[in-house]
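For the sequence shown, position 53 (counting from the first letter as 1) is numbered 127 according to the numbering used here, and the numbering increases by one without interruption. Here is the structure we will look at, set down as structure tokens.
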Amino acid sequence: MIDGLREHKKRLTRQRISDVATGMFMSRGFEAVTVAEIAAAADVSEKTVYNYFPTKESLVYDQADEQLERLVTAVRERPRGSTPTSAFVVALKEDSARFSEMLGDERVSRIGEFGAMVRSTPALRAAWGEYRHRIVAALTEVLAEDLGVDPSDPEPVVAARALVSLLELYYDARLRHSQGGVGARGLQTLIEADIDRGARLLDTGMWSLHLMVEGRRTKDQIRDAAIVAEQARQQVLTAVREAKRTWREIREEAKAAGRDARDEARAQAEEFRRQARADAQALRDKARAAAREKHAQAHVTAREKHARVNERKPLS
Numbered sequence: 075m076i077d078g079l080r081e082h083k084k085r086l087t088r089q090r091i092s093d094v095a096t097g098m099f100m101s102r103g104f105e106a107v108t109v110a111e112i113a114a115a116a117d118v119s120e121k122t123v124y125n126y127f128p129t130k131e132s133l134v135y136d137q138a139d140e141q142l143e144r145l146v147t148a149v150r151e152r153p154r155g156s157t158p159t160s161a162f163v164v165a166l167k168e169d170s171a172r173f174s175e176m177l178g179d180e181r182v183s184r185i186g187e188f189g190a191m192v193r194s195t196p197a198l199r200a201a202w203g204e205y206r207h208r209i210v211a212a213l214t215e216v217l218a219e220d221l222g223v224d225p226s227d228p229e230p231v232v233a234a235r236a237l238v239s240l241l242e243l244y245y246d247a248r249l250r251h252s253q254g255g256v257g258a259r260g261l262q263t264l265i266e267a268d269i270d271r272g273a274r275l276l277d278t279g280m281w282s283l284h285l286m287v288e289g290r291r292t293k294d295q296i297r298d299a300a301i302v303a304e305q306a307r308q309q310v311l312t313a314v315r316e317a318k319r320t321w322r323e324i325r326e327e328a329k330a331a332g333r334d335a336r337d338e339a340r341a342q343a344e345e346f347r348r349q350a351r352a353d354a355q356a357l358r359d360k361a362r363a364a365a366r367e368k369h370a371q372a373h374v375t376a377r378e379k380h381a382r383v384n385e386r387k388p389l390s
């Protein structure tokens with residue numbers, strides 16, 4: 075409770091210092107007013123002023139740091155599928171709506187005076203240039219991270235500067251339309267219309283960047299899918315190689331079995347031929363032996379018959 079009250083008091087003090095400084099700057103000129111005078115008019119010490127506003131220029135650009143954080147965060151944390159331009163525009167319109175609500179109808183006409191003061195003050199123009207440089211650098215880092223490239227590469231640098239051009243358009247539109255006698259709500263409508271027109275033109279050119287960013291965001295998924303696909307491919311190749319090896323083994327086994335069968339058949343045939351030749355030779359030998367035996371027997375019989383004949387012949 076106490077901390078909440080303390081923070082509320084700090085916000086009120088900061089707002090009072092900012093309002094006092096703005097009024098003094100616009101009535102007397104930025105360079106004509108000192109920080110000590112602002113402190114005295116706001117009923118605070120000069121040290122307190124510097125605690126809230128580190129430089130005199132930050133009394134004019136009192137929302138710069140908060141705005142930078144909001145715009146950069148909007149781009150960094152944008153929803154998936156949202157372009158950097160659309161995220162930036164949403165945050166910029168929210169800033170514009172807050173400003174219009176805080177401004178009120180009675181203060182719209184003074185925007186022109188404020189713009190004239192900034193344009194005529196070198197220190198404020200330099201401070202704006204420094205702020206622009208800071209937000210470009212911050213956006214460049216965010217976009218480079220999205221793209222996975224170096225922040226010094228052309229794409230994130232050009233895209234960041236293009237986005238900041240919408241911020242400049244916002245301030246230019248605020249100044250231009252405030253002179254038309256419109257109230258805060260009407261001013262807000264005109265500013266948003268200008269921002270939308272600029273964003274349409276810008277987003278057309280930055281669409282390729284959006285595609286690159288979305289591609290970068292899905293890089294891990296693509297990489298994982300590629301790994302799975304490569305693993306599947308390797309498994310298929312392994313299976314194919316194994317199938318080929320098995321087929322070669324089966325074919326070699328079949329060939330070997332065929333050779334063995336042919337060799338066995340040849341051996342059996344040769345054995346049959348050898349056995350047939352041996353059997354034939356044995357039969358021939360047996361036939362010859364039988365023929366010789368018969369011949370010898372016939373010879374013996376013939377001699378015996380001759381001998382008997384001789385025995386019967388009378389002696390002369």
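The beta-carbon is built from N, C-alpha and C at its ideal position, and this holds for glycine as well. If you're wondering where the values come from, they're calculated on a predicted model, not measured in any experiment.
Would you give the residue range spanned by the alpha helix (DSSP H) that residue i belongs to?
i, result
"Arg154", "Where Arg154 is concerned, there is no enclosing alpha helix (DSSP H), given that its DSSP letter is neither H nor E."
"Asp179", "Here Asp179 belongs to no alpha helix (DSSP H), and DSSP marks it neither H nor E."
"Val231", "228–251"
"Val192", "185–193"
If we ignore side chains and look at the alpha-carbon of each, how far apart do residue i and residue j end up?
i, j, result
"Ile165", "Gly189", "Reading off the sequence shown, one finds Ala at residue 165, where the question assumed Ile. Near 22 angstroms, if we compare the C-alpha coordinates of Gly189 and Ala165."
"Ile269", "Ile185", "18 angstroms"
"Ala218", "Val107", "42 angstroms"
"Glu187", "Ala138", "19 angstroms"
"Leu276", "Leu79", "44 angstroms"
"His82", "Thr278", "44 angstroms"
"Ala356", "Glu327", "42 angstroms"
"Thr159", "Ala273", "7 angstroms"
"Phe127", "Arg172", "21 angstroms"
"His207", "Ala200", "11 angstroms"
"Tyr396", "Ala161", "Residue 396 is absent from the structure shown; the chain starts at 75 and stops at 390."
"Leu86", "Ala234", "34 angstroms"
"Arg88", "Val118", "10 angstroms"
"Val256", "Ser226", "43 angstroms"
"Gln342", "Arg322", "29 angstroms"
"Val232", "His251", "28 angstroms"
"Ala299", "Arg154", "Any reading at Ala299 must be qualified, since the residue scores a pLDDT of 46, below 50, and its modelled position is unreliable; no value is offered."
"Met280", "Leu243", "17 angstroms"
"Thr214", "Tyr205", "14 angstroms"
"Tyr245", "Thr157", "22 angstroms"
"Arg90", "Val223", "45 angstroms"
"Lys84", "Pro196", "31 angstroms"
"Trp202", "Ser92", "17 angstroms"
"Met176", "Glu140", "16 angstroms"
"Asp334", "Arg315", "28 angstroms"
"Ala303", "Lys329", "Confidence at Ala303 is low in this model, with a pLDDT of 49, below 50, so its placement is unreliable and the value that follows should be read with caution. The straight-line gap from Cα to Cα measures roughly 38 angstroms."
"Ala393", "Glu120", "No answer is possible for residue 393: the residues shown for the chain start at 75 and end at 390."
How is residue i classed by DSSP in three states: helix, strand or coil?
i, result
"Ala106", "coil"
"Asp130", "Note that residue 130 corresponds to Lys in the displayed sequence, not to Asp. Coil at Lys130, not helix or strand."
"Gly97", "helix"
"Pro225", "coil"
"Gln371", "helix"
"Tyr135", "coil"
"Ser92", "helix"
"Asp117", "coil"
"Val256", "coil"
"Glu219", "helix"
"Ile296", "Low local confidence applies: a pLDDT of 48 at Ile296 is under 50, so the model's placement there is unreliable, with the coordinate-based value given in what follows. Helix at Ile296."
"Arg366", "helix"
What whole-angstrom Cβ distance do residue i and residue j have, given they're in contact under 8 angstroms?
i, j, result
"Val94", "Ala110", "Going by Cβ atoms, the distance from Val94 to Ala110 rounds to 13 angstroms, so no, they are not a contact pair."
"Arg229", "Leu221", "The sequence shown places Glu at residue 229, not Arg. 6 angstroms between Cβ atoms; contact."
"Arg144", "Asp169", "7 angstroms"
"Glu105", "Lys167", "Actually they are not in contact, since the Cβ atoms of Glu105 and Lys167 sit about 34 angstroms apart, beyond 8 angstroms."
"Ala212", "Leu264", "About 28 angstroms; that fails the 8 angstroms criterion."
"Val210", "Val238", "5 angstroms"
Q.
I'd like to know if the stretch 120–136 and the stretch 91–108 are in contact, where contact means that at least 3 CB-CB pairs between them fall below 8 angstroms.
A. Short answer: they touch.
task = Give a yes or no on contact between the stretch 136–150 and the stretch 256–267, applying the rule of three or more CB pairs nearer than 8 angstroms.
result = Put simply, the stretch 136–150 does not touch the stretch 256–267. Fewer than three CB pairs are less than 8 angstroms apart.
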